[in-house]
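Please read the structure below before turning to the comments.
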Amino acid sequence: MKMRVGVIGLAGVGRIHINKWLEIAELVSVCDLDSTVLAQVAKSCQINGYRNVEQMLDKEDLQAISICTPPKSHLSITQQVADRGIHVLCEKPMASTVSDCQAMIDICSRQSVVLQIGHKKRFLPAIQRLKEISEGDFGPIQYIVHRYPHPGTSNRDWFWAEDDGGGPILENAVHAADILGFLMGDVTRVYAEGGNLLADRRSQIDCAVYTLRFASGAIGMVNAGMVSTSQFNFEDYYVATSAGVAEVKGKFDSADTIRYSFRSHPDQVEEKSFPNFDSFRAEIEHFVDCIETGAIPLADGHSGMKAVAICRAVKQSSATGMPIEL
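Per my numbering, the very first residue in the sequence shown carries number 3; after that it's consecutive.
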């Protein structure tokens with residue numbers, strides 16, 4: 003029998019979750035405050051639609067839910083869902099504050115439900131390969147530079163609100179913080195310079211350059227922000243270890259090629275590409291597997307909270323001009 007699931011929040015990424023759940027499980031119901039969007043989605047999927055979370059939870063027998071709403075609402079919805087014993091796949095960023103993240107972890111632990119955060123880049127095969135070689139003869143990563151120039155813009159008020167989406171550094175570049183943590187472990191210090199590239203965004207920094215010191219002693223640098231366009235649509239990582247160098251690169255949101263060589267044989271470059279990989283489907287399949295087997299998610303609540311902490315430190319450092327200890 004397929005898992006019975008619901009999706010809360012139908013704008014943007016919520017639509018992607020809907021499409022993937024339709025392929026993997028039984029999508030039973032959806033929920034959104036926008037009655038027009040809700041009616042359209044419910045009709046096209048031939049499922050029930052609700053404007054109220056509690057009403058949906060009362061009427062539907064659900065095993066799992068995707069939360070795809072603005073970050074400020076994640077804690078309250080997680081509380082409602084987990085209290086019913088329903089497993090939670092929550093979109094990134096995990097929440098707008100670190101304290102909300104911790105509360106979500108505590109709630110789901112207390113109710114013994116799976117909490118997975120939508121850090122789908124962890125599932126990219128090129129990133130997985132980099133992680134694999136760094137745990138082998140290639141050695142631990144000691145230096146990394148990551149460029150993450152997000153294309154596009156947003157006209158949603160919640161996106162730019164400091165107590166909600168937090169702007170591009172939290173809402174978008176939380177992916178950068180998460181991947182560096184995934185590859186290199188805990189961050190102990192952050193120093194950032196941030197700015198406003200475009201005049202219509204003066205209420206919130208839209209770009210930043212920041213350095214990270216890791217507990218291992220490694221260092222990293224990230225260039226991030228919502229500053230790119232569709233014709234400069236890329237992201238990349240340059241990595242160095244004591245044994246070699248590597249790069250992962252590709253189009254924005256789908257870095258699909260890895261190249262690396264060992265210092266002992268610098269002319270022998272290994273390269274592999276993984277085109278057309280569906281990271282959204284991969285994260286949802288992993289979520290289902292964790293529910294069925296009891297495994298800890300690759301992107302669990304603790305890692306989601308650490309990524310939010312890094313992003314908040316970036317914003318604090320940018321505002322104060324001082325390094326922030328974590």
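Built from N, CA and C at the ideal position, the CB exists for glycine as well.
L126 and D258 do touch by the CB rule: their CB atoms are close to 7 Å apart, below 8 Å.
As DSSP reads the structure, D238 sits in a beta bridge with R149, K251. In the same chain as V271, and ignoring 5 residues on each side of it, the C-beta atoms closer than 8 Å to its own belong to R261, Y262, S263, in chain order.
In the structure shown, V115 adopts coil according to DSSP, grouped into three states. Counted as a single uninterrupted DSSP element, the alpha helix (DSSP H) harbouring T38 occupies residues 37 to 47. Here the segment 189 to 208 does not lie against the segment 88 to 101, with fewer than 3 beta-carbon pairs under 8 Å apart. Counting only residues of its own chain and dropping the five nearest sequence neighbours on each side, R131 has a CB closer than 6 Å to the CB of I260. If you ignore the 5 residues before and after H148, its C-beta comes within less than 6 Å of the C-beta of A178, V224, Y239, all in its own chain and listed in chain order.
In this structure, S78 and T243 do not form a Cβ contact; the two beta carbons are roughly 43 Å apart against a cut-off of 8 Å. Taking the Cα of K308 as reference, the smallest distance to any Cα among A97, E249, C110 is reached at A97. Counting of Cβ neighbours within 10 angstroms places D166 among the buried residues, the total reaching 16 or more.
Close CB contacts of S320 within its chain, under the 7 Å cut and outside five residues either way in sequence, are with A194, E195, G196, I207, A210 (chain order). Distance from the Cα of C292 is smallest, within the candidate group R112, A128, V55, V90, for V90. Judged by their CB atoms, V9 and G16 are nearer to each other than the 8 Å cut-off. Scanning its chain for C-beta atoms nearer than 7 Å, with the 5 sequence neighbours on each side dropped, one finds around C70 the residues V9, I10, G11, V15, G16, H19, E93, in chain order. Burial is judged here by how many other beta carbons sit within 10 angstroms of a residue's own beta carbon; A175 has at least 16 and is buried. Comparing alpha carbon positions, the residue from K74, S111, P72 closest to D85 is S111. When L328, C47, V39, N21 are compared, the shortest CA-CA separation from D188 is found for L328.
In the structure shown, T322 adopts helical secondary structure according to DSSP, grouped into three states.
For G16, the uninterrupted alpha helix (DSSP H) segment begins and ends at 15 to 26. Per DSSP, the unbroken beta strand (DSSP E) holding V7 starts and ends at 6 to 10. Around the C-beta of A217, fewer than 16 other C-beta atoms lie within 10 Å, and the residue is accordingly described as exposed. Looking at the DSSP output, C92 sits in a beta bridge with I69, I119.
Using a Cβ distance threshold of 8 Å, I143 and V241 count as a contacting pair.
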